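Here the structure comes first, spelled out in structure tokens, and everything after it is commentary.
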Amino acid sequence: MAVAERTIRTSLADLRLSESSGLGMPILMIHGSGSSRAVFARQFDSPLADAHRLIAFDLPGHGGSSDAHDPATAYTIAGLARSAGELLDRLAIGHAIVFGWSLGGHVAMELAGFHPAVSGLMLTGAPPVSKGLFGMLRGFHAHWDMLLASKKIYSERDAERFETLCFGDSASPSFRQAILRADGKLRATVTRSMMSGDGADQRQVVEQAAFPVAIVNGENDPFVRLSYFDTLHYGALWERCHVVPGAGHAPFWERPDLFNPMLSRFGDAVEAQSADDAQVKQRRSQAG
Numbered sequence: 001m002a003v004a005e006r007t008i009r010t011s012l013a014d015l016r017l018s019e020s021s022g023l024g025m026p027i028l029m030i031h032g033s034g035s036s037r038a039v040f041a042r043q044f045d046s047p048l049a050d051a052h053r054l055i056a057f058d059l060p061g062h063g064g065s066s067d068a069h070d071p072a073t074a075y076t077i078a079g080l081a082r083s084a085g086e087l088l089d090r091l092a093i094g095h096a097i098v099f100g101w102s103l104g105g106h107v108a109m110e111l112a113g114f115h116p117a118v119s120g121l122m123l124t125g126a127p128p129v130s131k132g133l134f135g136m137l138r139g140f141h142a143h144w145d146m147l148l149a150s151k152k153i154y155s156e157r158d159a160e161r162f163e164t165l166c167f168g169d170s171a172s173p174s175f176r177q178a179i180l181r182a183d184g185k186l187r188a189t190v191t192r193s194m195m196s197g198d199g200a201d202q203r204q205v206v207e208q209a210a211f212p213v214a215i216v217n218g219e220n221d222p223f224v225r226l227s228y229f230d231t232l233h234y235g236a237l238w239e240r241c242h243v244v245p246g247a248g249h250a251p252f253w254e255r256p257d258l259f260n261p262m263l264s265r266f267g268d269a270v271e272a273q274s275a276d277d278a279q280v281k282q283r284r285s286q287a288g
């Protein structure tokens, strides 16, 4: 499967993306803080890339994308979602599955709150929390390592610790460089924006979603409280809350053998529902 790379200009930053030529419904993949689109290599190197149009992009301030033109605006959770929304618009995508990991999951939920193209949402390592600090504390473990998420300047030791938290001992050599490349202003700004209640109530977005929502977490995720996911009243939960055995914060990287079939099944389910919805709309239009 050939993978194309290009840069798309948005009002917030120039976004670098990778894209497969699969003909199925697009899957927009949003990485976490300090990462890059390279973290989804094991999805691109799989039958998923033939079945779906996989699109992975570097968030502003990450990887091959530019730093934000206006960090105070672009590095909030709302600003990051706006950049993803502009990318969908530039690519003329009317329907997409959005898979968000860690910070990318929170960006995905924010995006789902306003963009009509979101037809399915998969979340990994991203609890749908209510607005503000107390909402976040319900979804995440409170420990000193969480401070790394908001630290502006990383030492080599900080980068090594963050890499271990995210990937255990499975990281690619390039992941450390991606962590050190990331614009530290984003970490400080996005954490502050979420703690202050900026953006949508992500719990409400998920609970009130009319489209399928998939929850897939690693059994040993050091950041999120797995029990929290059982407290939500989902409007359209796909199957159940899945837990990938033997995986930590990044099960799609650590256990692609288990994760990729789930993403494939979810893609099939979203495509089937979208087709059903289109038929219902057509019948209503003809009846009217």
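Using UniProt numbering, you'd call the opening residue of the sequence shown number 1 and step up by one each time. For each residue, glycine too, the CB sits at the ideal point set by N, CA and C. These figures come from a predicted structure and were not determined experimentally.
If you check the CB distance, R90 and D58 do not come in under 8 Å. Looking at G79, D158, V190, the one whose alpha-carbon comes closest to that of A178 is D158.
Note on G246: under 16 other CB atoms within 10 angstroms of its CB, so exposed under the neighbour-count rule. In terms of Cβ geometry, A49 and G22 form a close pair [threshold 8 Å]. D145 and R187 have their C-alpha atoms roughly 14 Å apart. Proximity of the region 92–109 to the region 63–72 falls short of the contact definition, fewer than three beta-carbon pairs being nearer than 8 Å.
Collapsing the DSSP output to three states places H95 in coil. Judged by DSSP secondary structure, T7 falls within the beta strand (DSSP E) whose first and last residues are 3–9. Classified as exposed, Q208 has fewer than 16 neighbouring CB atoms from the shown chains inside 10 Å of its CB. Secondary structure at P60: coil, using DSSP grouped into helix, strand and coil. When DSSP assignments are scanned along the region 152–228, the uninterrupted stretches of alpha helix (DSSP H) that are 4 or more residues long and fall wholly within it turn out to be 156–167, 173–181, 184–195, 202–207. Contact annotation: the region 187–200 does not touch the region 216–224, with fewer than three C-beta pairs closer than 8 Å. For S83, the enclosing alpha helix (DSSP H) covers residues 77–90. Around the C-beta of L133, fewer than 16 other C-beta atoms lie within 10 Å, and the residue is accordingly described as exposed. For D67, the three-state secondary structure derived from DSSP is coil.
For G135, the closest of G235, G34, F229 by C-alpha to C-alpha distance is F229. Contact check for F266 and H249: beta-carbon distance about 20 Å, past the 8 Å limit, so the pair fails to qualify. Per DSSP, the unbroken beta strand (DSSP E) holding L237 starts and ends at 237–244.
The Cβ-Cβ distance between G100 and R53 does not fall below 8 Å. The alpha-carbon of G32 is positioned some 12 Å away from that of F252. Around the C-beta of A117, 16 or more other C-beta atoms lie within 10 Å, and the residue is accordingly described as buried.
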